[in-house]
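**Q** To start, I am sharing the structure in question, which I have written as C-alpha cells.
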Amino acid sequence: MKMAVVGTGYLGATHAACMARLGHEVMGVDIDEAKLSKLRSGEMPFYEPGLEELTREMVASGRLQFTSSYEEAAEFADVHFLAVGTPQKRGEFAADVSALESVIKLLAPLINRPAVILGKSTVPVGTAQEMRALARSLSPVGDDLELGWNPEFLREGHAIKDTLEPDRLVVGVADDGAGRAEAVAREVYADLLANGVPFLLTDLATAELAKTAANAFLATKISFINAIAEVCEAAGADVVQLADALGYDSRIGRAFLNAGLGFGGGCLPKDIRAFMARAGEMGAAQALTFLREVDSINMRRRTQMVEMVKQSCGELLGAHVAVLGAAFKPDSDDVRDSPALNVAGQLQLQGATVNVYDPKAMDNSRALFPTLGYSTSALEACDNADVVVVLTEWKEFRNLDPVELAGIVRQRKMIDGRNCLDPARWIGAGWQYRGFGRASSRTAN
Ligand code: UDX
Numbered sequence: 324m325k326m327a328v329v330g331t332g333y334l335g336a337t338h339a340a341c342m343a344r345l346g347h348e349v350m351g352v353d354i355d356e357a358k359l360s361k362l363r364s365g366e367m368p369f370y371e372p373g374l375e376e377l378t379r380e381m382v383a384s385g386r387l388q389f390t391s392s393y394e395e396a397a398e399f400a401d402v403h404f405l406a407v408g409t410p411q412k413r414g415e416f417a418a419d420v421s422a423l424e425s426v427i428k429l430l431a432p433l434i435n436r437p438a439v440i441l442g443k444s445t446v447p448v449g450t451a452q453e454m455r456a457l458a459r460s461l462s463p464v465g466d467d468l469e470l471g472w473n474p475e476f477l478r479e480g481h482a483i484k485d486t487l488e489p490d491r492l493v494v495g496v497a498d499d500g501a502g503r504a505e506a507v508a509r510e511v512y513a514d515l516l517a518n519g520v521p522f523l524l525t526d527l528a529t530a531e532l533a534k535t536a537a538n539a540f541l542a543t544k545i546s547f548i549n550a551i552a553e554v555c556e557a558a559g560a561d562v563v564q565l566a567d568a569l570g571y572d573s574r575i576g577r578a579f580l581n582a583g584l585g586f587g588g589g590c591l592p593k594d595i596r597a598f599m600a601r602a603g604e605m606g607a608a609q610a611l612t613f614l615r616e617v618d619s620i621n622m623r624r625r626t627q628m629v630e631m632v633k634q635s636c637g638e639l640l641g642a643h644v645a646v647l648g649a650a651f652k653p654d655s656d657d658v659r660d661s662p663a664l665n666v667a668g669q670l671q672l673q674g675a676t677v678n679v680y681d682p683k684a685m686d687n688s689r690a691l692f693p694t695l696g697y698s699t700s701a702l703e704a705c706d707n708a709d710v711v712v713v714l715t716e717w718k719e720f721r722n723l724d725p726v727e728l729a730g731i732v733r734q735r736k737m738i739d740g741r742n743c744l745d746p747a748r749w750i751g752a753g754w755q756y757r758g759f760g761r762a763s764s765r766t767a768n
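Using my numbering, the final residue of the sequence shown is 768, and nothing's skipped along the way.
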C-alpha cells in the first residue's frame, strides 16, 4: 500500500520505518527540514534501539522516503497516518491539538481522490470526530475522505517490537464510514493480523479513550506501588518483595509495580492531566479526581528523593552528589519531564555539586539543564562523591561493582532511586544502602 506518515517524531519515525518493513511504500512527512535530512541519511534525531538500522535499510530499499511537501504526500498516498505531537498546553492541564488541526487544514484540501486518514496521536476524546468533520469539509472529495482512529501504544525503548508485535490493534471508526476505514486498516496490518494480533473495531470515542485509559491505568499502577512503598518505609517492610508477592496474582500482574522515582516522559504525565481536563470539560471531572492523587504521589517521589539525599549528606550545601541517570527511563535518550533530571536540578539549586552521567541522554540533558555538571562516565561522576544516587535503571548501573566504586568515592553511600540494585551486594561491600520502601534501608542506617 502507498501511505504517508505525517509527523516524524518518535511515533511517526517508528511507524514509518515499521510500515516499510511490512512491505508498504511509505512517505514520512514533516515540516522540519533538518530532521528530514537526518532521516534520509539514516540518522535518528533520537535514540531508539534498532531504529537507525531499520530506517537505513528501508530507505536503501526504496520503500521509505521523506518529504516536507504535503502536495507530494497527497499525490502519493491512499492512506495518511497522523503522528504529530499533542503536548500539554502551557499553564494548563489540557492537551494542545493545534498541530493536528493544522495538518488537517494543510493536507485535506490537497486530497483529491478517495482516501483514508488514520489518526495515531494520543488525543482528548472527541477530537477524532472534529478532525473528521474538518477534513471532509476541506477536501475536494468530501465524504469520500474517511477518517478513523488507530491509537499507538508503543513504549520508548521497545518501539519497533511494540509496533510490529503489538498486544492489540484498536481501530475506531465513525458509524457511517466503518466499512472503508476498517478495510484499509485490515489491509495495512494484514501481516500482524495473520500472526494473531487481536483487532478491536470500535467507535471513534472508544478508540481515543482506549489509549488515554491505558496510560491512566499504568500511571495508577506505578503510583499505587509508590504509595505502598511509603507505607512499607513506615512499617519497616520491603516493597520489592511485596510487589513480587502481588505480581504472582494473575489478576494483578508484576509489570508496572516497580516502586521508585516514579513516572516521567512525554506521555504518562501529560496524558493523565489531559484526561482530567477533558473529563472536566465533559462534566465528568469527579470520575477522575483520583488521577490528581496519582499525579501528586508521583511528583512527591522527586521531593522525597531530594530529602533522602539531604539526610544522607547531612546538608546539601557543599556536598558532592553523583547522579547516575538522566533519561526518564533506560534505553532512551528522552529527558522530557525526566524525574532524574528534575532531582538533579533540585539538588544543585539547594547547593550541592552535582555530577550527572547517562549513557545516552547527555546531549539532551545539557540542552535542558546546561548548568549541571556532566561527566563522561559513571566512574568519573562518582569521583570523590559524598553520595551516589541511581535515578535511571540502566543496565550499566545495575552492573556497577561496589568494590571498584568504593575506591573512588569519598563516602560509601548509595541511594537506589529505582530499586534496581542488589542491596546485599552493596551492604556487603561496606556501603550504606538506601532504596525506596525497602527494609534494607533500615538495616543499612
Ligand atoms: C508509555 C506507555 O507505556 C505506552 O503504552 C504509551 O504508548 C506511551 O507512554 P513510555 O512513556 O515509553 O510509554 O514509558 P513506560 O515504559 O510506560 O514508562 C513510563 C515511566 O514510568 C518511566 O519514567 C518509568 O521509569 C516509569 N515506571 C515504569 C516506573 O516508575 N515503574 C514501573 O514499574 C514502570
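Note that the Cβ used here is the ideal one computed from N, Cα and C, for glycine as well.
Is it true that the stretch 479-497 meets the stretch 598-607, where meeting means three or more beta-carbon pairs spaced less than 8 Å apart?
**A** The stretch 479-497, when compared against the stretch 598-607, does not touch it at the 8 Å Cβ threshold.
**Q** Could you pull the DSSP bridge partners for M737 from this structure?
**A** Counting from 1 along the sequence shown, the entry for residue 737 is found at position 414. In DSSP, M737 forms a bridge with V711, Y756.
**Q** So is P725 buried or exposed if we call it buried at 16+ other beta carbons inside 10 Å?
**A** Position 402 of the sequence shown holds residue 725. Counting Cβ neighbours within 10 Å, P725 comes out buried, since at least 16 surround it.
**Q** Shorter than 7 Å, the distance from the beta carbon of F651 to the closest heavy atom of ligand 1, or not?
**A** Taking the first residue of the sequence shown as position 1, residue 651 is located at position 328. Checking the Cβ of F651 against ligand 1 gives yes.
**Q** Under 8 Å, do G570 and G576 count as touching if we go by C-beta distance?
**A** Indexing the sequence shown from 1 puts residue 570 at position 247. Indexing the sequence shown from 1 puts residue 576 at position 253. Yes, the pair counts as a contact, with Cβ atoms nearer than the cut-off.
**Q** Assuming F464 and V329 form a contact by the criterion Cβ under 8 Å, report the distance between their Cβ atoms to the nearest whole angstrom.
**A** Residue mapping note: residue 464 aligns to position 141 of the sequence shown, counting from 1. Residue mapping note: residue 329 aligns to position 6 of the sequence shown, counting from 1. Going by the sequence as given, residue 464 is Val instead of Phe. With 8 Å as the limit, V464 and V329 do not qualify as a contact, their Cβ atoms being about 18 Å apart.
**Q** Would the C-beta of L591 count as close to ligand 1, meaning under 7 Å from any of its heavy atoms?
**A** Reading the sequence shown from its first residue, position 268 is the one you call residue 591. Yes; taking the cut-off as 7 Å, the Cβ of L591 has a heavy atom of ligand 1 nearer than that.
**Q** What separation, rounded to the nearest whole angstrom, lies between the Cα atoms of L639 and Q673?
**A** Taking the sequence shown and counting its residues from 1, the one referred to as residue 639 is at position 316. Taking the sequence shown and counting its residues from 1, the one referred to as residue 673 is at position 350. The straight-line gap from Cα to Cα measures roughly 6 Å.
**Q** Taking only runs that begin and end inside the stretch 370-397, name each unbroken alpha helix (DSSP H) of 4 or more residues, in chain order.
**A** Listed in chain order, they are 374-384.
**Q** N435: beta carbon under 7 Å from a heavy atom of ligand 1?
**A** Translated into positions along the sequence shown, residue 435 becomes position 112. Checking every heavy atom of ligand 1 against the Cβ of N435, none is found closer than 7 Å.
**Q** Which word fits K428, buried or exposed, when buried means at least 16 other C-beta atoms lie within 10 angstroms of its C-beta?
**A** As a first step, residue 428 must be located in the sequence shown, where it is residue number 105. K428 comes out exposed.
**Q** So the beta strand (DSSP E) W717 belongs to, where does it begin and stop?
**A** Position 394 of the sequence shown, counting from 1, holds the residue named residue 717. Per DSSP, W717 belongs to no beta strand (DSSP E) and is neither H nor E.
**Q** How long is the line joining the alpha carbons of N768 and K443, rounded to whole angstroms?
**A** As a position in the sequence shown, residue 768 is number 445, starting the count at 1. As a position in the sequence shown, residue 443 is number 120, starting the count at 1. Any reading at N768 must be qualified, since the residue scores a pLDDT of 42, below 50, and its modelled position is unreliable; no value is offered.
**Q** Name the DSSP bridge partner or partners of L441?
**A** Working through the sequence shown from its first residue, we reach residue 441 at position 118. Paired residue(s): F404, G471.
**Q** Hey, would you say R733 sits closer than 8 Å to D709, going by beta carbons?
**A** The count along the sequence shown starts at 1 and reaches residue 733 at position 410. The count along the sequence shown starts at 1 and reaches residue 709 at position 386. Yes, the pair counts as a contact, with Cβ atoms nearer than the cut-off.
**Q** Go to N742, then tell me how far its beta strand (DSSP E) extends in each direction, as first and last residue.
**A** Taking the first residue of the sequence shown as position 1, residue 742 is located at position 419. Counting along the chain, N742 falls outside any beta strand (DSSP E), and DSSP gives it neither H nor E.
**Q** Suppose you measure from the CA of A533 to the CA of V493; what does that come to, to the nearest Å?
**A** In the sequence shown, counting from the first residue as 1, residue 533 sits at position 210. In the sequence shown, counting from the first residue as 1, residue 493 sits at position 170. About 8 Å.
**Q** Touch check for the stretch 635-650 and the stretch 556-566: three-plus C-beta pairs under 8 Å?
**A** Contact fails: fewer than three Cβ-Cβ distances are below 8 Å.
**Q** Taking the straight line between their C-alpha atoms, what separation do you get for M324 and E395?
**A** Taking the sequence shown and counting its residues from 1, the one referred to as residue 324 is at position 1. Taking the sequence shown and counting its residues from 1, the one referred to as residue 395 is at position 72. C-alpha separation (whole angstroms): 16 Å.
**Q** Return yes when at least one heavy atom of ligand 1 lies under 7 Å from the C-beta of F720, else no.
**A** Working through the sequence shown from its first residue, we reach residue 720 at position 397. Answer for F720: no, Cβ out of range of ligand 1.
**Q** Which residues does DSSP pair with M605 in a beta bridge?
**A** Stepping through the sequence shown from its first residue, residue 605 is reached at position 282. Answer is none; M605 lacks a bridge partner.
**Q** What residue range is occupied by the uninterrupted beta strand (DSSP E) comprising A327?
**A** Counting from 1 along the sequence shown, the entry for residue 327 is found at position 4. That run of the beta strand (DSSP E) goes 325-329.
**Q** Would you please state the rounded distance, in angstroms, between the beta carbons of A714 and L670? I believe it to be under 8 Å.
**A** Taking the sequence shown and counting its residues from 1, the one referred to as residue 714 is at position 391. Taking the sequence shown and counting its residues from 1, the one referred to as residue 670 is at position 347. Per the sequence presented here, residue 714 reads as Leu, with Ala not at that position. Rounded, the Cβ-Cβ distance is 10 Å, inconsistent with contact.
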